[in-house]
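In this note's numbering, the protein residues as written are 3 to 861.
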């Protein structure tokens, strides 16, 4: 078996069976069709579900938006209407006045309030603050709320008395203040002084409060407000419907002024009748830091503001509206959908207003403990704590609304619908969301069903593919077996023909190819025998020619070898002619070589003489060059010395100039000193004149003292005191005279020394000027030396340049002579080489002639 047959057989052994290929092809086509169908179904369903989810979320969000806006609008209209009613307007004025007259009214009722009773009242109020408010604030806050008497308690005694009656001693639970507020209820208190209660029940405040409270309680229960407040113009909360400690607090200057209630009071003061102010969601300390929202409006009497009417909105009602009372699945939001409000302004920007549906999925810092109104029950709340800064809230903050897919505050991808909600200045975002996984759950289920159906279809398609592949591969297997037998050398192998299709036609063509292959093989064997005989004849002719007999000729036959024989005979003829020509040329070369040898001997003797003469000239030129270099070096040293001399002279000249400048400064300084010393002498002369005057004054004083002494003696006893004074004046004059004489002597000495100093200074000035002139002369001499040195250096430099140039030219001449000697030496060597080469050429020509004589050529 030849290599091609082995490769062919190996290929059939490792090739994948056609049956498997067909099966795989069918399965690949089926899998592709199923996959494309599943993906198309999934994305079509997903698109349809997304559009449906957006429509549903948009509908829910719009319903909630309308509900919240309607609720807030109703609350605002109700607030404005109640604030303009006679009940509220009269309550503001009457309660304010009754509060101011409270202690006087108690005294009129038979119970004057003394300091001892007020001390007891304040102690009970403080105890209530500590037990109820401070205790709960510590539960829900990480910060210390502080002491109740300094942080929360109102300093007014009227506020303490009213809190004592309506809050501290009220047996009703917190949030149920309306159960015990009438005068009859107050008289039934069992934990307070009955005399005090009787006097209080008869006060105008109790009666006005009872009337107002009955109306406000019915109103709060009807509209489900958390609390209702009436505040006078001074900021005092003269009425609250809920049982909390904000009753009788002051919203202008008190601890509650910075709370949401205080902001509602201050915000309403600048409004007109019917205008509403809304606060941001914020923690309200009186409600144990629970989040609260307040709306307020001014209470007007004509154009005068008498007070402020405030509602605390119920977040539980807003939560019920936003969550449809937590009936998520009934409204189509499934197990993951929710709706909520987010604030967009103030300190609580991007904080959730309503409660989250998934508090158990949040982190600890995303929720906090809140105490309910009963003061006991604690729950976890996300309102006012959970930060919701998502694509939806940021879009609403920018004034946009719409629907999109984004991660929510839990990090889960959701489908969301969002829109802004404006409420009397407060900007909120209304958001409805559902998890993407739940919204597209139906699409995934459809894809799974399509996948299962596709798997079943693929199984059926695979079975059909196996049956079809088996039917199609059976005739191909017969053809494959025939090919393998032919590849192994069986020329009798034929492929079975079982059909008239393409495979049958292929088998027929294969059988014809095998028959043709056998015929061609027989012809090739016969041609091979003839070719081998012709090759033997050619080899015999080539053997004779290799022995030197170029007269032989190869027989010319048919076929490719006949052309080779013809070309070989032509080559023998051409080689014979070439050898003849080579013999003629060899003879001429030998003769020319002899002639060249003789010429080379003559050139060699001439080159020897030329080389000896050039060597002598080179030696003389070398000595001349050495002398020129010595002269150049000496000139360079002289130029260097001249340059150093010029530099030294230049430095000396600079130093002399500096000395001249210094001498000039010294001369100027000496002259200035001389002038100062002269002025000093003149001043000393002035001092002498002054001393002379002082001496004259001293003499006159002495004379006056003497005259005074004489007059004192005349006066007798009356002039003794004046005599003593005269003696002291006289003694003083004597001392002045002595001091003046000493100063005159000292000034005289100074004048003499000053004269000597002036003379000496003038002498020094003359010496300095003389020295300056000599230094100037020395400077001129040095300048002359510098000029001479410069001229000398220039001359030496020119000589050095000339010597250097001469040395350079001498070196060039030496190089030229040396080069000529080297060229002569090289020429001598080349002549000798030429002579040797001519001898070798002559020898080779003779040898070539002897070798060419061995060939046998035709005559």
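In this text, a Cβ means the ideal position worked out from N, Cα and C, and glycines have one as well.
Between residue 288 and residue 246, the C-beta spacing is below 7 Å. As DSSP reads the structure, residue 307 sits in a beta bridge with 302. With a beta-carbon spacing of about 5 Å, residue 281 and residue 296 fall inside the 8 Å limit used to define contacts.
Around the beta carbon of residue 337, fewer than 16 other beta carbons lie within 10 angstroms, which makes this residue exposed.
Apart from the 5 residues on each side of it in sequence, residue 307 sits with its Cβ closer than 6 Å to the Cβ of 300 in its chain, given in chain order. Separation of residue 652 and residue 761 (C-alpha to C-alpha, rounded to the nearest whole angstrom) is 39 Å. At the C-beta level, residue 51 and residue 464 stay beyond 7 Å of one another. In this chain, the beta strand (DSSP E) harbouring residue 234 covers 229 to 234.
Counting of Cβ neighbours within 10 angstroms places residue 218 among the buried residues, the total reaching 16 or more. Ranking 222, 223 and 259 by CA distance to the CA of residue 239 puts 259 first. Segment contact: the region 81 to 100 against the region 126 to 136, fewer than three CB-CB distances shorter than 8 Å; contact not assigned. Residue 656 and residue 663 have their C-alpha atoms spaced approximately 11 Å apart.
Taking the CA atoms as reference points, residue 807 sits about 23 Å from residue 646. Contact annotation, residue 420 with residue 401: C-beta distance approximately 12 Å; criterion of less than 8 Å not satisfied.
DSSP places residue 405 in the uninterrupted beta strand (DSSP E) bounded by 404 to 409. Spatial neighbours of residue 409 in its own chain (CB-CB distance under 6 Å, excluding positions within 5 residues in sequence) are listed in chain order as 415. Taking the Cα of residue 357 as reference, the smallest distance to any Cα among 42, 162 and 384 is reached at 384. The bridge partners DSSP lists for residue 280 are 297.
Between the region 113 to 130 and the region 155 to 173, the count of Cβ pairs shorter than 8 Å is three or higher; the stretches touch. In the structure shown, residue 240 adopts extended strand secondary structure according to DSSP, grouped into three states.
Counting every other CB atom within 10 Å of its CB across the protein chains shown gives residue 492 a total below 16, marking it as exposed. Here residue 525 is exposed. Its C-beta has fewer than 16 other C-beta atoms within 10 Å. Sequence-distant partners of residue 201 (beyond 5 residues in either direction) whose C-beta falls short of 6 Å from its own C-beta, in its chain, are 108, 111, 112 and 113.
Between the C-alpha atoms of residue 278 and residue 195 there is a straight-line separation of about 43 Å. In this structure, 212 is the residue among 212, 197, 397 and 168 with its C-alpha nearest to the C-alpha of residue 184.
With at least 16 other beta carbons inside 10 angstroms of its own, residue 167 counts as buried.
Spanning the alpha carbons of residue 445 and residue 45 requires a straight line of approximately 8 Å. The beta carbons of residue 254 and residue 236 sit about 7 Å from each other, so the pair counts as a contact at 8 Å. Around the C-beta of residue 557, fewer than 16 other C-beta atoms lie within 10 Å, and the residue is accordingly described as exposed. Per DSSP, the beta-bridge partners of residue 417 are 407 and 436.
When C-alpha distances from residue 438 are compared across 457, 417, 423 and 93, the shortest belongs to 417.
Within its own chain, the residues whose Cβ lies closer than 8 Å to the Cβ of residue 323, once the five positions on either side in sequence are excluded, are 66, 69, 70 and 73, listed in chain order.
Counting the other CB atoms within 10 Å of its CB gives residue 498 a total below 16, which places it among the exposed residues. Residue 217 sits in a helix when the DSSP states are folded into three classes.
Assignment of residue 450 by DSSP, reduced to helix, strand and coil, places it in the helix class.
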